[in-house]
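Worksheet for the structure shown next.
Number of protein chains: 2
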Amino acid sequence: MHLHNGRNGKATLVDVAKYAGVSLKTASRVLNNEPDVSDVTAERVRAVMDRLGYHPNLLARGLKTRASSIIGMIVPDISDPFTAAAIHAVMQVARERNYTVVLTCSDGSPQTEQAQIEILLRRQIEGLIVMPADQRSAYLANLHTHNLPIVAFDQPIPNKEIPAVAVTNRDGARLAVEHLLGHGYKRILAVGAKAHLHTISRRLLGYREAIDHAGCARMELIAGAEHAIDGPALHRFLSGKHGAEAIFTLNSVATVRLLHLLGEENLQIPKHVALACFDDFDLASAFSPSLTVVKQPVALLGRRSAELLFDQKENPRTSVRIKLPTELIIRNSCGCGS
Amino acid sequence: MHLHNGRNGKATLVDVAKYAGVSLKTASRVLNNEPDVSDVTAERVRAVMDRLGYHPNLLARGLKTRASSIIGMIVPDISDPFTAAAIHAVMQVARERNYTVVLTCSDGSPQTEQAQIEILLRRQIEGLIVMPADQRSAYLANLHTHNLPIVAFDQPIPNKEIPAVAVTNRDGARLAVEHLLGHGYKRILAVGAKAHLHTISRRLLGYREAIDHAGCARMELIAGAEHAIDGPALHRFLSGKHGAEAIFTLNSVATVRLLHLLGEENLQIPKHVALACFDDFDLASAFSPSLTVVKQPVALLGRRSAELLFDQKENPRTSVRIKLPTELIIRNSCGCGS
DNA sequence: ATGAAAGCGCTAACAT
DNA sequence: ATGTTAGCGCTTTCAT
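Shown next, in the form of structure tokens:
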């Protein structure tokens with residue numbers, strides 16, 4: 038087998054045409070399922086393709102058609118379960134449309150983000166879904182001038198022309214904190230990191246609205262990064278007779294970090310301190326006690342952003358902002374059911 | 038700005054050459070930092086590139102050089118923390134070498150796996166890292182005939198010619214079970230899924246060796262998929278005076294599933310039943326009690342597989358099998374320290 | 001140190 | 001229903 042051109046062991050469409058005794062164009066027609074090819078010819082060509090183990094070269098096709106059938110996606114952290122689930126949803130939509138997604142990672146750094154996007158641009162991506170490392174990035178705000186469909190995921194870019202898909206961060210947070218207030222807790226501590234992120238600041242806003250409205254005092258422990266949320270600081274917020282009675286964490290990474298610290302302090306939930314968290318995750322319901330969380334419709338969020346991106350391509354300058362609702366899932370860590 | 042060819046708003050190297058008043062080849066030399074270009078000329082060309090917002094078209098370069106500078110990676114489940122960490126490591130190595138990784142997902146289906154790999158092949162990937170959906174796949178076993186460097190990640194492909202990177206599954210499992218035996222537990226239940234996977238079967242083997250050697254009875258609850266590990270079956274294994282005293286889970290997905298079920302049964306760890314798990318994860322140490330686990334060197338595993346892939350390219354037919362050691366991390370769920 | 005011309009593998013006009 | 005020709009944007013001989 039593999040008796041084709043011999044130059045480098047890979048059959049091309051020219052080889053296929055030659056062996057099938059047809060012209061290049063006819064072979065191309067068969068490859069692309071175009072009409073105006075007789076069934077006999079088509080069958081013969083397909084047989085040759087099989088025999089030669091022919092794989093169409095998408096680089097060549099892309100060069101010719103100026104359409105790579107690739108979309109780019111850049112996220113700060115693939116390992117975050119929320120992000121991973123979103124990626125999966127985006128890939129599903131892309132697959133349905135015969136697109137490939139090239140995923141890359143900014144590690145939370147706007148510089149890396151920019152460098153990686155430049156590479157995606159070189160790869161001729163037809164669209165970009167970006168989960169911004171920092172929505173203040175001027176680079177991101179000007180990216181749409183490249184005539185590239187772009188969708189901001191989870192966190193909008195402060196350029197009103199760029200479509201965005203996000204959740205009701207503020208409402209979700211407010212509801213969760215109001216639920217804690219409903220339990221009678223007066224001293225509720227917000228714990229999180231990266232307040233420059235739009236999502237975090239909106240959640241913090243929701244927290245403050247609920248706290249202020251109840252006439253309670255704000256208690257906030259916000260670090261530069263989740264892993265930098267430090268034990269001693271937390272200890273100070275929790276100890277003494279004016280210590281926090283409940284905690285609201287601003288994302289799942291902060292939740293995990295907090296659970297670590299609480300474990301080290303030997304504090305029990307909700308006995309010593311109650312807990313509600315923004316963002317659901319697998320173990321949240323298996324944890325003891327099970328965690329009360331604000332759940333985000335992550336798969337839908339991913340689907341929608343991909344769909345919005347493809348809409349952009351067909352119908353440019355459709356500046357939409359989609360906002361999906363969160364849901365408060367009441368389990369036991371808030372004090373319910375125990 | 039952007040006063041270039043006008044055909045479709047994207048500057049090409051021809052445009053750059055024209056505006057800089059040099060030949061196409063000279064512009065190409067500058068682009069690729071080749072020698073034999075005067076500093077003055079190079080600077081002038083670079084200035085034009087900047088002014089035009091030139092982005093080299095990697096599709097065209099790849100077509101000409103027959104080198105896409107893309108490697109493919111296919112995994113069953115991006116959301117699995119172990120997998121996500123491995124992907125991240127692979128991307129790091131690729132980035133260092135100016136390669137892009139195109140990641141795709143088999144969802145655990147060999148059919149999807151095959152279809153996705155075909156697409157990667159069309160994209161002219163220069164190498165493939167595959168975390169097999171099912172290592173019995175004949176398709177995978179024959180893939181190396183395409184003259185494509187390939188590395189099996191985590192789970193070897195039963196074709197001795199295909200390099201693989203994996204961990205000491207059997208030893209890790211045996212050590213963990215021996216540790217449980219050391220606590221005096223006689224009735225130890227293994228819980229997991231997908232026994233057709235090499236990793237799982239090796240871990241099960243390690244479990245059996247330890248159990249048999251101690252003269253205890255094997256107790257195994259193995260499902261088709263982790264989510265199918267069912268409560269009633271588990272209940273039967275745990276109840277009665279011959280119920281299991283300890284559990285060993287075969288991967289982290291099974292661990293999470295088990296913790297759910299144990300929670301529903303209101304069983305406490307390690308009081309009612311002790312636990313050791315294969316695979317570490319973020320929350321394992323924050324869980325109460327903290328979980329005793331067999332930890333895999335996941336970042337190193339990812340790095341090594343990527344490095345092995347690049348080695349292949351330079352030095353074909355280097356059939357290596359790398360095996361990295363696991364580590365038993367003793368925390369509290371096994372009964373230690375409580 | 002610089003340039004002219006050919007061609008990677010495919011699709012798109014335009015025949016026939 | 002099928003074929004011919006040109007060209008996508010780049011790199012690569014081979015000249016000069």
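Protein chains in written order, with the working numbering: chain A, 38 to 375; chain B, 38 to 375.
For every residue, glycine included, the Cβ atom is placed at its ideal position computed from N, Cα and C.
is_contact[residue i, chain A] using C-beta, thresh 9 Å
i	result
B/Glu155	yes
B/Val293	yes
B/Gly300	yes
B/Ser327	yes
B/Gly43	Its pLDDT being 47, under 50, B/Gly43 is placed unreliably in this model, and the coordinates cannot settle the point.
B/Leu338	no
B/Asn196	no
B/Gly46	yes
B/Cys371	no
B/Pro362	no
B/Leu218	no
Beta carbon proximity, residue i to chain B, threshold 9 Å
i	result
A/Phe190	no
A/Pro353	no
A/Phe324	yes
A/Pro93	yes
A/Gly229	no
A/Val139	yes
A/Asp267	no
A/Asn69	no
A/Leu346	no
A/Ala203	no
A/Ala97	yes
A/His297	yes
A/Ala178	no
A/His181	no
Under the three-state DSSP convention, the category residue i falls into
i	result
A/Ile359	strand
B/Phe274	helix
A/Met256	strand
B/Ala203	strand
A/Ala57	helix
A/Ile237	helix
A/Leu50	helix
B/Val85	helix
B/Val228	strand
A/Leu345	helix
B/Val188	strand
B/Gly372	coil
B/Gly43	Confidence at B/Gly43 is low in this model, with a pLDDT of 47, below 50, so its placement is unreliable and the value that follows should be read with caution. Reduced to three states, the DSSP call for B/Gly43 is coil.
A/Ile108	strand
B/Glu364	strand
A/Gly99	helix
A/Lys350	helix
A/Asp73	coil
Nearest neighbour of residue i, chosen from the options [CA to CA]
i	options	result
A/Asp87	A/Phe285, A/Ala57 and A/Leu100	A/Ala57
B/Pro334	B/Val290, B/Leu365 and B/Val188	B/Leu365
B/Ser317	B/Ser327, B/His309 and B/Val310	Before going further, note that residue 317 of chain B is Asp rather than Ser in the sequence given. When each option's Cα is compared against that of B/Asp317, the closest is B/Ser327.
B/Arg340	B/Ala121, B/Arg255 and B/Arg294	B/Ala121
B/Ser105	B/His92, B/Leu158, B/Tyr91 and B/Ala79	B/Leu158
A/Ala123	A/Ala336, A/Cys371 and A/Leu287	A/Ala336
A/Tyr91	B/His233, B/Ile156, B/Val293 and B/Leu296	B/Ile156
B/Asp117	B/Ser143, B/Ile284 and B/His220	B/Ser143
B/Met110	B/Ser322, B/Pro93, B/Ile162 and B/Gln148	B/Ile162
A/Ser289	A/Tyr222, A/Thr182 and A/Asp114	A/Asp114
B/Glu215	B/Arg245, B/Leu140 and B/Leu89	B/Arg245
A/Leu345	A/Lys62, A/Leu95, A/Ala254 and A/Leu165	A/Leu165
A/Glu257	A/Arg66, A/Leu241, A/His264 and A/Asp191	A/Leu241
A/Gln151	A/Ala175, A/Val310 and A/Val293	A/Ala175
A/Lys197	A/His181, A/Val138 and A/Leu217	A/His181
Problem - Short-range partners of chain B found in the region 118-132 of chain A, where Cβ spacing is below 7 Å - result: Pro118, Ala121, Ala122, Ile124, His125 and Met128
Practice task
Mind listing, in chain order, the continuous alpha helix (DSSP H) runs of no fewer than 4 residues lying wholly within the region 254-338 of chain A?
Solution key: 268-275 and 289-301
Problem - Uninterrupted alpha helix (DSSP H) stretches inside the region 112-182 of chain A (no shorter than 4 residues) - result: 118-133, 147-159 and 175-179
Problem - Residues from the region 104-116 of chain B in contact with chain A, defined by Cβ distance under 9 Å - result: Ser105, Ile107, Asp114, Ile115 and Ser116
Handout entry: Against chain A: residues of the region 309-324 of chain B by CB proximity under 9 Å
Key = Phe318, Asp319, Leu320, Ser322, Ala323 and Phe324
Exercise for the section: Mind checking the region 269-294 of chain B against chain A and listing, in chain order, the residues whose C-beta falls within less than 8 Å of any C-beta there? Expected result: Val293
Practice task
Name, going along the chain, the residues of the region 157-169 of chain A whose beta-carbon falls closer than 7 Å to a beta-carbon of chain B.
Solution key: Leu158, Arg159, Arg160 and Gln161
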